[in-house]
Structures are given as structure tokens and as C-alpha cells.
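Peer 1: Residue numbers (the UniProt record's numbering), protein chains in the order written: chain A, 1 to 431; chain B, 1 to 99.
Glycine is no exception: its CB is placed at the ideal position from the N, C-alpha and C atoms.
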Amino acid sequence: MAEKFDVIVVGAGPAGTACAYTLAKKGVNVLLMERGEYPGSKNVMGGVLYRKTMEDIIPGFYKEAPVERPIVEQRFMMLDKESALNFSYKGMEWAQEPYNNFTVLRAKFDQWFADKAVQEGALLLNETVALECIVENGKVVGIRTDRPDGDVYADVIVLADGVNSLLAKSLGFHKEFRPDEVALAVMEVLKLDRKIIEDRFNLEGDHGCTIEIFGDSTKGILGTAWLYTNKDSLNIGVGTMLSGLIKNKIKPYELLDYVKNHPMIRPYIQGSEQQEYLAHLIPEGGYRSMPKVVGNGVIVVGDAAQLVNAIHREGSNMAMASGVMAAETIMQAREAGDFSERMLDSYRTNLLNSFVGQDLKKYKDATHHFEKFPQYFEQYIPMMNKAASQMFTIDGTSKWTKQKKIWSELGTAKDKWKMARDLMNAWRVMK
Amino acid sequence: MMANIPKGQSIEEKQYLVRFKADTQSHLHVLSADVCATQCPDKLCTIFCPAEVYKWEEVRMHVGYEGCHECGSCRIGCPYENIKWEYPKGGHGIIFRLG
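1. So with CB distances below 8 Å, who are the chain A contacts of A42 (chain B)?
2. With a floor of 4 residues, list each alpha helix (DSSP H) that falls wholly inside the UniProt domain "FixC-like C-terminal" (367-431) of chain A, ordered by position along the chain.
3. Could you check the C-alpha separation between R69 (chain A) and V35 (chain B) for me, to the nearest Å?
4. Closest to L17 (chain B) by CA distance: which of A:E276, A:K292, A:Y99 is it?
5. Put K89 (chain B) into one of helix, strand or coil per three-state DSSP.
6. Mind checking which residues open and close the alpha helix (DSSP H) that includes L167 (chain A)?
7. T240 (chain A) by DSSP, collapsed to three states: which one?
8. Have a look at A:G27, A:F5, A:V293, A:A114 and flag the residue whose alpha-carbon is nearest the alpha-carbon of P14 (chain A).
9. Quick one: does H280 (chain A) have its CB under 8 Å from some CB of chain B?
10. So, L410 (chain A) versus M424 (chain A), is the Cβ gap smaller than 8 Å?
11. Kindly list, in the order they appear in chain B, the residues whose Cβ is closer than 9 Å to that of I213 (chain A).
12. Mapping the DSSP letters down to three states, classify H29 (chain B) as helix, strand or coil.
13. Nearest by alpha-carbon distance to L31 (chain B): which of B:Y80, B:Y87, B:G99 is it?
14. Counting C-beta neighbours from all protein chains within 10 Å, is the total for I394 (chain A) 16 or more, i.e. buried, or is it exposed?
15. On a Cα-Cα basis, can you pick out the residue from A:H262, A:L281, A:G208, A:R266 that is closest to L242 (chain A)?
16. Is the beta carbon of N235 (chain A) less than 8 Å from the beta carbon of G46 (chain A)?
17. Does the beta-carbon distance from V10 (chain A) to I196 (chain A) come in below 8 Å?
18. Checking contacts by CB at 8 Å: is E127 (chain A) closer than that to chain B?
19. Residue range of the beta strand (DSSP E) that T349 (chain A) falls in?
20. From this set, A:K25, A:T103, A:V324, A:M343, which residue's C-alpha is nearest L351 (chain A)'s C-alpha?
21. By how many angstroms is the C-alpha of G99 (chain B) removed from the C-alpha of R44 (chain A)?
22. Should H92 (chain B) be labelled buried (16 or more other beta-carbon atoms within 10 Å of its own) or exposed?
23. For L15 (chain A), report the span of its alpha helix (DSSP H) as first-last.
24. How is L307 (chain A) classed by DSSP in three states: helix, strand or coil?
25. Can you list the residues of chain A that A51 (chain B) reaches, using a CB-CB cut of under 7 Å?
26. How would you call R57 (chain B), buried or exposed, if buried means at least 16 neighbouring beta carbons within 10 angstroms?
27. Measuring alpha carbon to alpha carbon, tell me which residue in A:V182, A:K25, A:F339, A:I406 is nearest S389 (chain A).
28. Count the other CB atoms, across all protein chains shown, that sit within 10 Å of the CB of V301 (chain A); report buried if there are 16 or more and exposed otherwise.
29. Which of the residues in the segment 175-195 of chain A, read from start to end, lie with their CB under 9 Å from any CB of chain B?
30. Can you tell me the Cα-Cα spacing of P374 (chain A) and L32 (chain A), whole angstroms?
31. Quick one: which residues of the segment 20-42 of chain B get their C-beta closer than 8 Å to a C-beta of chain A? List them in chain order.
32. Starting from the C-beta of K14 (chain B), find all residues in its chain whose C-beta is less than 6 Å away, skip the five residues before and the five after it, and write them out in chain order.
33. Flag Y253 (chain A) as yes if its beta-carbon sits less than 8 Å from any beta-carbon of chain B, otherwise no.
34. Considering only residues of the same chain and omitting the five flanking positions on each side of A3 (chain B), which have a CB-CB separation below 8 Å?
35. Which residues of the UniProt domain "4Fe-4S ferredoxin-type" (59-88) of chain B have a Cβ closer than 7 Å to any Cβ of chain A? Give them in chain order.
36. Note down, in chain order, every chain A residue with its Cβ under 9 Å from the Cβ of K55 (chain B).
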């Protein structure tokens, strides 16, 4: 006889586990389904987990969760071929409670989080692929799995199946994503002695640092590279729009090697030892790529709903927030005994009114703008580097002369107008 | 373009760092060998696949599904929608230990 649960959550990443945890804590009978050997075994993240949303779920989580380092400094590198213009913010308010964010290794963190859901009473079923939604009379009523006798049923199905979002696609909630709606990220974890990390990155004790790298690190393709500090390892990666890799015919791992070997980056990772190589997609289509997120008996959360703010490298926090909002809507639906799309639609409105929907809306045109106009990365970053080099190189030329030279090298009056217009447009899509 | 890549960083060596539990059957299928042969001069999947799963062997596409990271790029990136993409059987495929 087929088993029936109150709720089935497909995917034990941040969105699915947050949802399952919240429901289980309220006594709901939840099945949390995961296709990997363990939660996190299929998951990749640059490495920054924001404290706030996670702490709303489990107060003081960082005291027991496998977090790597609280981040006290965020650096930004504008990279040219043999130079970099840097700026950073470092603040000691981030070095103490309540903290702002932590680096995490997802295979460890996701296991810990899913264990917490299990402790609250959720049933975790690993090594199980959700093949399709079982639909009866226009309502999603269950999941067909790849286990023998693998049909399971529930009042509500939460689709937290990640960026590929195959289940929502099969329900017609979205079309196949386009190559300009996803970024391909490749990353390596590099083992490095804790003391060396702290010396090299100017850190005290357990404190951590993140570096976002723009410009030459992606060869002009829209994207970024990153270098994050873990306890005794570094995460170095590069993520670019899949469309950009296709257009420029670049192999992602060769781009990663280019970054690792760049004279501005090489010294940071020198002497480290490769531990793992990882590739994953990031949904970066933003607001305009959000699929339908609610149907009869079904809710879509996290990456599966394209909930990523690429500009601010936020994703796992949005995923968790969406998981919690889904759980809250499901609690109301249970009270009403109604799991129709109309009832569950409050999840969609809550999501859009929350920081998740508002931030996606704020940047709805940003990715597309920078994808369409590559000059920001291709021309303006090298230009800024060159200007800095000229101003700071003391060669007997007066500063006025230098300024004039820099100004004339910006190009013709027409070029300057174009630049001014680009700056305005950049402001317009980011404001 | 990517000159001076230091030793120890080839894709083969990167792939050695990763734990895989390969299924006996492929979860990736090229739908039409003809499309690759006749319509796709650049063989784009052989370029952007982050694990070099796809290798063009003179007349056919070799699919080394055992080393797949299950990212989905090939399904989305193939200009001819010529790749049928599924998840490997539960518990199989790539197993990340860290990141």
C-alpha cells in the first residue's frame, strides 16, 4: 500500500530542509527526499552563508553547526591582466555576535541541517530520485520515485529540487531555462595550513575574509571569481553565464586555472593542495525568470524557483526564507483543510512582498544589462587600472599633465558620452 | 589564450579529486548522432562541459557519464536540444565531500 504523508519535500538543500524543519517542529508528518548519498552530496556553493535567515530558523545555530569562519572583511578586486584595483570593507562588528555571515562547506553543513530536521521528526529518505509528480484531477498528489513500489503521497508537495528544476518544468511551470538564465560555476577546495591562511589574509584567529574578483578573471564574460577562506582550506572558483562560455568558446576549468595562475591571485593560494573540484549551475535569470511557484497541491522553493540575487551573491538565505514561507502557508492550508492553488497562493504573495521578491525586483534588469553590454568588464575595468597606475607612478610628470593624459586616453568626445551614458544605465539597473 | 597553466591542473587531474559512484547505465543520452556530426561544427558541449564528459571521436560523441557533475549545462547549452538528461539512480553519480 502506498504511503501517505502530510507533506513531501523534494530535495534536502537549504530551501527544502528549512521547510521540512519548520513543518516537523510543528508536528507535521514530513518526508524529506534526497537523491544524493547524503544531503549536500550534490550541492555546491561559493561558500557564504548569511546568518540572519538561518538564525530565524535555529537561534544560535553557529555555535554547533559546521561553519568555517565568520567573515570580517569583504574585499573586491577589479582585475586587469597584470594589475588590480582593490577595495574592501572590514569591520569588527562582524567579528562578534550576532555576526553577518560565515563561510561553510555545503556537504558538511547540509548534512547537519537535515539532521536537525530529522531530530524534529522529519523522515529523511536519501538515495531517492523524484522521477515525476503524480497528478490526479489537476492536483499534485504525490511523487513517483525510483525505488521499488516508489509512489508516495501527500497533501502538499514542496519542490526544492534545485536549479535544474525538472519537476516544476514537467508541470509546465516554466520552460527549459536558457543559457543566459544560468551561470556555470566551477570551484576548487584548496587545503592550506590555518596559520598560513590567517597570515596571508591578515586575519586574527577564526576570522575570515572573502574576495570577489571582477574583470580579467572572467575574460570579459559576465561573472565573477571568488576566493574565500575556510578554517584550513580556501574555496577558489569562477562563475560565468553559460551563454558567455558558449559565445566565447571558453572551457570553464581552463578559466579557473587562468584565475588560479593570475599574478594577483597566485600568491594567495601558493603551496596549497587541491582537495576537491566541483561544478554546479546557479540560477541567475532573476525576477523575470521566476517560474510559476504555486499550483494545486504544490509549492516551488529555492533555486528551483530561481531565487538568487547574483549581484549580492545571496541564494541560500533566500532559499531558506522561501522554505519557511512555504511551511507557514502549508500550516494555514492545513487549518483550512484546503490545498488548492488559491489557498497556497499566499506563499507567492508573501514571497514577493518579502526581501526575496523585493531584491529580485530591484535587480530585475541588472544581469541582462551587463550581459548585453560587456564593455563594463572588458573596457572600463582595464581603464580604471591604467588610470590608477598612471596617477600613482611617480615619473617626474606633473599631476595635471597626468590627469590630462588619462582624460585624453578615455577616447573621443563621443566615447566619453557613451561612457557617461553607460554609467547612467548601470545606475538605473542597480538603483 | 590560457598559456602557462601549471602542472597538476589538467581536467583529468581535477576529476581525480572527486568521488563518483557510477551507475551501470548512462543518465545522459545524445538523441541524434547525426545532429552532432552534421549541424554542430563547434561541438559546443565538448567545450563548456565542466567535466569534459563529452568528447568528439571523429564520427560520434563519446559520453563519459561516469565523470558527470550533474550540473545540467549540457541540457541547457546544447543549441539543438539534442541531449536527454536525467538524474542518475538514487545514491549514484557524483558525491561531493566538501564544497
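Peer 2: Reading it off the structure:
1. The sequence shown places Asp at residue 42 (chain B), rather than the Ala named in the question. The contacting residues are K249.
2. 381-392, 399-409, 413-430
3. 49 Å
4. A:E276
5. coil
6. 166-170
7. strand
8. A:A114
9. yes
10. no
11. Simply none; closest approach about 17 Å.
12. strand
13. B:Y80
14. exposed
15. A:L281
16. yes
17. no
18. yes
19. Looking at the DSSP string, T349 (chain A) is not in any beta strand (DSSP E); the run it does join, the alpha helix (DSSP H), is 341-353.
20. A:V324
21. It should be pointed out that residue 44 (chain A) corresponds to Val in this sequence rather than to Arg. Roughly 5 Å between the two C-alpha positions.
22. buried
23. The residue asked about is misnamed: residue 15 (chain A) is Ala in this sequence, not Leu. It spans 14-25 - the alpha helix (DSSP H) in which A15 (chain A) sits, taken as one unbroken run.
24. coil
25. A279
26. In the sequence on display, residue 57 (chain B) carries Glu and not Arg. Exposed.
27. A:I406
28. buried
29. E176, F177, R178, P179, E181, V182, L184, A185, V186, M187, E188, V189
30. 42 Å
31. K21, D42
32. none
33. yes
34. Unreliable placement is indicated for A3 (chain B), whose pLDDT of 46 sits below 50; the coordinate value is still reported in the next sentence. Result list for A3 (chain B): empty, nothing under 8 Å.
35. H69, E70, C71, G72, S73, I76, G77, Y87
36. By Cβ distance, chain A contributes nothing, its closest Cβ being about 13 Å from K55 (chain B), past 9 Å.
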